[in-house]
Amino acid sequence: MIRRLLSLLFLAWVIGFLWFVVTLPGPVSGTKTDAVIVPTGGAGRIPRGLEVLDQGLATKMLVSGVDPEVKPGEFAAEFGVDAARMDCCVTLGFAAVDTRSNAAETAKWVAQNEVRSLRLVTTDWHMRRTASELDRTLPDHVTVIRDAVPSQPDFGTLFLEYHKLLASRAAGLADL
Numbered sequence: 002m003i004r005r006l007l008s009l010l011f012l013a014w015v016i017g018f019l020w021f022v023v024t025l026p027g028p029v030s031g032t033k034t035d036a037v038i039v040p041t042g043g044a045g046r047i048p049r050g051l052e053v054l055d056q057g058l059a060t061k062m063l064v065s066g067v068d069p070e071v072k073p074g075e076f077a078a079e080f081g082v083d084a085a086r087m088d089c090c091v092t093l094g095f096a097a098v099d100t101r102s103n104a105a106e107t108a109k110w111v112a113q114n115e116v117r118s119l120r121l122v123t124t125d126w127h128m129r130r131t132a133s134e135l136d137r138t139l140p141d142h143v144t145v146i147r148d149a150v151p152s153q154p155d156f157g158t159l160f161l162e163y164h165k166l167l168a169s170r171a172a173g174l175a176d177l
């Protein structure tokens, strides 16, 4: 009996992992939102967020989880953002240190800026967990569009992220 239960659990884990790997989300184009949210941590995220601004698909951007040592001028220089764009449209969030605190920082910023729709820009392997954390944190009236940055993750990254997603979902169930 125990052996069958363990086999069933292992099979469910394998199928879940395969689903996670094979169905990584992709980019979205053309959808306008009030804002774009970019958690730091992966290559291509910030350039994609700035591209969304440049295309007029959002009017403001929060970069969540910026290292407190980074100055706005340094950020602007690294990503080629002019001073006017920084002043009007780009907010650097320094409070977050992980995905869960990215969601909390985002929820606070969304409320302060009366955002009703946002585009979440993060790496494809990170999207499900980030969106899940946001779903738990944001009010129901805020629409989230998932815009994943394609990547070439290695097995270790996928393995770790899948387990973080499972832990996040379990924590979410525990909160109910």
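First residue of the sequence shown: 2, per my numbering; consecutive thereafter. Even for Gly, the Cβ is constructed at its ideal location relative to N, Cα and C.
### Query
What did DSSP end up calling D148 once you bin it into helix, strand or coil?
Working through the sequence shown from its first residue, we reach residue 148 at position 147. In the structure shown, D148 sits in a strand (DSSP, three-state: E or B).
### Query
Looking at the structure shown, is K33 part of a helix, part of a strand, or coil, going by DSSP?
Mapped onto the sequence shown, residue 33 falls at position 32. Coil.
#### Entry: Selected residue, minimal CA-CA separation from P140, among L174, A105, S169, L12
If you number the sequence shown from 1, residue 140 lands on position 139. Cα-wise, what sits closest to P140 is A105.
### Bounding residues of the beta strand (DSSP E) (the contiguous stretch that carries V122)
Walking along the sequence shown from the start, residue 122 turns up at place 121. Run containing V122: 118 to 124, per the beta strand (DSSP E) assignment.
#### Entry: Secondary structure, alpha helix (DSSP H): runs of 4+ residues fully inside the segment 37 to 93
46 to 55, 73 to 80, 84 to 90
#### Entry: Whole-angstrom C-beta distance between T100 and R117, which should lie under 8 Å
In the sequence shown, counting from the first residue as 1, residue 117 sits at position 116. In the sequence shown, counting from the first residue as 1, residue 100 sits at position 99. Actually they are not in contact, since the Cβ atoms of R117 and T100 sit about 23 Å apart, beyond 8 Å.
### Query
What number of angstroms, rounded off, separates the C-alpha of P69 from the C-alpha of T123?
Sequence index remark: in the sequence shown, residue 69 carries index 68 (1-based). Sequence index remark: in the sequence shown, residue 123 carries index 122 (1-based). Straight-line Cα distance between these residues: approximately 20 Å.
### Closest by C-alpha distance to A149, when choosing among N103, G173, R49
Counting from 1 along the sequence shown, the entry for residue 149 is found at position 148. Among N103, G173, R49, the Cα nearest to that of A149 is on R49.
### Query
When we look at the beta-carbon of I38 and count the other beta-carbons within 10 Å, is it buried (16 or more) or exposed?
Position 37 of the sequence shown, counted from the first residue, corresponds to residue 38. Around the beta carbon of I38, 16 or more other beta carbons sit within 10 angstroms, so the residue counts as buried.
### Message
Taking only three categories from DSSP, how would you classify N103?
### Response
For the purposes of this step, residue 103 is taken as the residue at position 102 of the sequence shown. N103 falls in the helix class under three-state DSSP.
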